[in-house]
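Below is one structure, written out as structure tokens; comments come after it.
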Amino acid sequence: MKIVEVISDTNIGGAGVLLCTRLKHSDPEKFQTAVILPTDSKLKPRIEGLGRSVYEIPGKGDRSWSLEGLYGFMALFFRLRPDLVNCHGSLTGRVAATLCGIPTVVYTRHCAYPTKPWQKYKLVRAIMGICQMPFYDHVIAVADAARQNLQDLGIPKKRISVIINGVEELKKYAEEEKSAIRKKLGIPQDAFVIGICARLEACKGHKDLLEAARILLHRSRRFRFLIIGGGSLFEQLKVESRKKGIEPYVIFTDFVEDVTPYMNCMDLQVNCSVGTETSSLALSEGMSLGIPMVVSNYGGNPYMVRNGVNGYLFPAGQFEVLAEKILFLFEHPSIYQKMSKQARLRFLEELNAREMTRQTNALYRSLILSQKRKGRSQVSISPILRRRE
């Protein structure tokens with residue numbers, strides 16, 4: 001089965017990491033996969049390192065629509081003649097695939113945004129759904145929240161499959177290794193470390209964590225807060241921690257390529273999202289190490305974290321409740337240990353790379369065979385475009 005994956009990212013984001021993970025676990029004999037990227041994307045060496053072909057489209061990346069890139073996509077689709085195209089953040093790729101008559105056109109929804117008031121009207125949703133209909137056969141949503149988001153945009157439920165993001169299991173460090181990392185970061189060996197791994201943007205709610213940190217440090221000076229990631233709020237959040245008088249207890253790592261050492265330092269993981277969240281890769285990675293978590297009830301978080309089982313939920317934006325839940329786990333080690341075991345189990349049952357890959361490949365196979373039964377097994381090329389080719 002010939003697959004083409006289209007991704008518009010120039011940097012290495014969540015969608016790119018997921019794609020690389022899935023390619024690593026897919027059988028190249030069963031799924032011959034090529035990837036189309038913007039020129040100079042940082043994903044190129046990673047994908048080539050997995051033995052997959054990469055094709056570059058000139059033009060500006062990191063955007064869904066690019067008229068100048070349309071012909072480039074079409075030329076590649078005519079050349080590659082795939083059975084299925086899956087687009088990650090590229091409307092241009094979807095339109096080109098449709099114009100080329102690719103038998104199966106899929107796109108993956110990696111985000112979930114609040115529904116705007118005008119989108120709630122049935123007529124508006126119906127019009128949006130009709131306008132999108134020609135440019136896809138099926139949609140993959142990476143969380144239930146993303147599925148609901150798609151339905152709010154007029155996409156029929158029967159055309160959506162939810163496949164939760166899966167990640168590679170992180171290496172679990174021995175106690176000596178953990179101690180060495182903590183020492184390097186200036187974290188006392190008896191500290192209770194609360195970590196967050198997310199880009200430093202307003203939608204991720206880091207300010208709520210700093211407010212919770214201020215409350216928690218009034219109860220115990222054993223708390224330390226490890227903030228992993230870079231972003232536009234990096235300097236602002238450092239200033240905030242200084243103003244609150246908690247700077248000595250907060251460690252900012254900025255962007256890191258490998259989160260494994262930092263994850264191994266954590267006792268508890270948090271996610272404070274208030275804007276966009278589907279199925280967090282960082283939460284899955286933390287669960288692979290058996291780290292319990294306290295997360296906002298926004299987006300896909302309630303699916304990832306089963307309240308009272310592998311962690312706790314708190315109302316998004318309510319930092320007092322966040323602090324309360326963290327303090328409870330800190331003060332009740334027996335409950336903490338039970339949640340740690342459940343976090344690991346949650347990872348093994350669904351949130352791992354192999355399960356995500358299995359589900360995606362099964363969907364690909366089903367869609368391709370369905371279209372072949374309908375007779376849509378060849379790329380249809382118009383006479384004009386055939387002469388161009």
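If you count the sequence shown from 1, position 28 lands on 28 in the working numbering, and the numbers rise without skipping. No residue lacks a Cβ here, since even glycine has one placed at the ideal position from N, Cα and C. It should be emphasised that the depicted structure is a prediction, and the values quoted were computed from it without experimental measurement.
The criterion of a C-beta distance shorter than 7 Å is satisfied by Ile3 and Leu84. Straight-line measurement puts the Cα of Trp118 at about 36 Å from the Cα of Ser41. Within the same chain, and ignoring the five residues on either side of Ala191 in sequence, the residues whose Cβ sits closer than 6 Å to its Cβ are Arg222 and Arg224.
Per DSSP, the beta bridge partners of Thr108 are His88 and Ile140. About 6 Å separates the Cβ atoms of Ala353 and Val167, confirming a contact at the 8 Å cut-off. Distance between Gly93 and Thr104, taken at the CA atoms: about 13 Å. Short of 7 Å from the beta carbon of Asn361, and not among the five residues preceding or following it, lie these beta carbons of its own chain, in chain order: Ser26 and Phe31. In summary, Asn264 is buried, with 16 or more beta-carbon neighbours lying within 10 Å of its beta-carbon over all protein chains present. Scanning its chain for C-beta atoms nearer than 8 Å, with the 5 sequence neighbours on each side dropped, one finds around Ser232 the residues Leu200 and Glu201, in chain order. Met74 carries a helical assignment under DSSP once its states are collapsed to helix, strand and coil. With contacts defined by Cβ atoms closer than 7 Å, Ile228 and Thr253 form a contacting pair.
Assigned with DSSP and collapsed to three states, Asn297 falls in coil, not helix or strand. By DSSP's assignment, Val6 forms a beta bridge with Ile36 and Cys87. Contact between the region 148-168 and the region 305-321 is not established, with fewer than three Cβ pairs separated by less than 8 Å.
The DSSP-derived three-state label of Gly311 is strand.
In chain order, Ile228, Gly229, Val259 and Ala282 place their CB closer than 7 Å to the CB of Cys197, counting only its own chain and leaving out the 5 sequence neighbours on each side. Shown here, Ile12 sits in coil according to DSSP, grouped into three states, outside any helix or strand.
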